[in-house]
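Peer 1: What follows is a structure written as structure tokens; I'll ask about it next.
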């Protein structure tokens with residue numbers, strides 16, 4: 096029996112057609128590319144990722160003309176960790192997240208400046224290359240050999256990747272970053288693909304979702320990262336049998352309520368409209384979802400004053416560290432809503 100108007104959660108968006116506040120979200124992205132408030136200072140080392148979320152959102156809104164593309168491209172190239180003249184830092188190359196170390200501005204392909212604490216970060220290399228592609232750059236100034244050498248140095252024996260040469264957490268997120276880097280550079284020598292595939296394979300959990308690693312809990316985000324990595328490699332149907340893929344599809348389909356959640360028995364959250372929705376698209380079963388329910392749920396979480404989205408209806412967009420993730424959510428939500436061209 097359908098819920099009455101009184102029984103529905105406030106602001107759930109069910110039973111009404113909600114408007115997408117495009118102009119407010121464009122301005123939100125513009126602000127993210129300008130001067131951020133002091134409370135965001137802890138995100139300085141991840142500035143390139145913030146730029147990626149904002150630029151990809153503007154791109155999907157056909158609004159890249161509101162930014163100076165050339166200036167941003169020069170800034171991104173200045174964050175490339177280049178080999179020094181003696182190439183002693185080759186296994187540390189890639190992209191850094193910002194200019195926090197005070198390295199001289201160098202958007203060229205000239206030899207880099209040695210610094211004991213300077214290295215690429217796998218997520219920054221992924222987002223940096225992605226930003227350049229979004230902005231229409233031809234990647235001619237990317238030192239592909241150095242990026243791939245730095246990437247190879249981050250892969251562990253089990254097939255997963257660390258974020259930095261000094262070591263860090265290692266899980267499915269960074270396998271996805273590595274796969275995207277190799278795909279964009281059109282060169283898979285940056286990883287041992289067989290080891291990476293085995294890592295993804297071992298991460299399939301008892302309930303048929305994919306986890307961050309073997310023996311861990313299935314999650315919508317890690318399922319996307321694993322499936323997307325295999326699709327980029329062109330290996331999805333080689334790694335999983337038809338029966339296994341059907342089980343993964345069922346696990347993903349079961350994540351929808353009105354919006355999506357990332358794990359069974361968890362509340363829905365706007366970001367999973369991308370993580371799970373994109374996985375369903377890759378698995379070619381997105382047409383079996385309830386698109387209208389998901390759309391209305393997402394739009395019910397908009398901040399109608401300044402733009403942005405919250406996790407849940409009648410909530411404010413997250414603050415401080417959590418708002419960093421909210422920037423990403425908006426980009427992901429646009430994917431889920433199929434905004435382009437509408």
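In the working numbering, the protein residues as written are 96 to 437. The beta-carbon is built from N, C-alpha and C at its ideal position, and this holds for glycine as well. All values reported here derive from a predicted model rather than from experimental measurement.
(1) Relative to the ligand COA, is the shortest distance from any of its heavy atoms to the C-beta of residue 147 smaller than 6 Å?
(2) In terms of DSSP beta bridges, what is residue 256 paired with?
(3) For residue 345, count the other beta carbons within 10 Å of its own beta carbon; 16 or more makes it buried, fewer makes it exposed. Which is it?
(4) Output the distance between the C-alpha atoms of residue 171 and residue 149, rounded to the nearest integer angstrom.
(5) Under the rule that 16 or more other beta-carbon atoms within 10 Å means buried, what is residue 335, buried or exposed?
(6) Do residue 255 and residue 294 have their C-beta atoms closer together than 7 Å?
(7) For residue 298, which residues from the same chain have a beta carbon less than 8 Å from its beta carbon, with the 5 sequence-adjacent residues on both sides left out?
(8) With three or more beta-carbon pairs closer than 8 Å as the criterion, would you say the region 185 to 197 touches the region 233 to 249?
(9) Helix or strand or just coil, what does DSSP make of residue 155?
(10) What alpha helix (DSSP H) runs, 4 residues minimum, are completely inside the region 311 to 390?
(11) I need the DSSP call for residue 124, collapsed to helix, strand or coil.
(12) List the residues that DSSP assigns as beta-bridge partners of residue 397.
(13) Round the Cβ separation of residue 315 and residue 371 to the nearest angstrom and send it over; I've been treating them as touching at under 8 Å.
(14) Within 10 angstroms of its Cβ, does residue 197 collect 16 or more other Cβ (buried), or is it exposed?
(15) Measuring straight from C-alpha to C-alpha, what distance separates residue 214 and residue 384?
(16) Which residues in the same chain as residue 352 place their Cβ atom closer than 7 Å to its Cβ, once the five residues preceding and following it in sequence are excluded?
(17) Is residue 439 helix, strand or coil by DSSP?
(18) Could you tell me the boundaries of the alpha helix (DSSP H) in which residue 140 lies?
(19) Please classify residue 237 as buried or exposed, where buried requires at least 16 other C-beta atoms within 10 Å of its C-beta.
(20) By the three-class DSSP mapping on this structure, what secondary structure does residue 176 have?
(21) Any Cβ of chain D within less than 7 Å of the Cβ of residue 408?
(22) Under a three-way DSSP split, which group does residue 288 fall into?
(23) Any contact between the region 197 to 213 and the region 116 to 133? By contact I mean 3 or more CB pairs, one from each, below 8 Å.
(24) Identify the residues that DSSP records as bridge partners of residue 189: which are they?
(25) Quick one: what's residue 299 bridged to in DSSP?
(26) So for residue 167, helix, strand or coil by DSSP?
(27) According to DSSP, is residue 117 part of a helix, a strand, or is it coil?
(28) Determine the contact status of residue 404 and residue 397, defining contact as a CB-CB distance below 7 Å.
(29) In its own chain, which residues sit with a C-beta less than 6 Å from the C-beta of residue 302, not counting the 5 before and 5 after it?
(30) What is the rounded straight-line gap between the Cα of residue 169 and the Cα of residue 234?
(31) Under 6 Å Cβ to Cβ from residue 471, same chain only, skipping five residues before and after it: list those, please.
(32) Check residue 209 in the structure and name its three-state DSSP category.
(33) Residue 347 and residue 374 - do their beta-carbons sit closer together than 7 Å?
(34) Classify residue 154 as buried or exposed, calling it buried when 16 or more other Cβ atoms lie within 10 Å of its own Cβ.
(35) At the level of alpha carbons, what is the spacing between residue 276 and residue 395?
Peer 2: According to the data block:
(1) In terms of ligand content, the structure shown is empty, and the ligand COA therefore cannot be addressed.
(2) 250 and 266
(3) exposed
(4) 14 Å
(5) buried
(6) yes
(7) 267, 305, 306, 307, 308, 309, 311, 317 and 321
(8) yes
(9) helix
(10) 315 to 328, 331 to 334, 337 to 348 and 367 to 377
(11) helix
(12) 404
(13) 4 Å
(14) exposed
(15) 43 Å
(16) 363
(17) It is not possible to answer for residue 439, since the shown part of the chain is limited to 96 through 437.
(18) Counting along the chain, residue 140 falls outside any alpha helix (DSSP H), and DSSP gives it neither H nor E.
(19) buried
(20) strand
(21) The structure shown contains no chain D; it holds only a single protein chain.
(22) helix
(23) no
(24) 176
(25) 305
(26) helix
(27) helix
(28) yes
(29) 313
(30) 12 Å
(31) Given that the chain is displayed from residue 96 to residue 437, the structure contains no residue 471 and the question cannot be resolved.
(32) coil
(33) yes
(34) buried
(35) 35 Å
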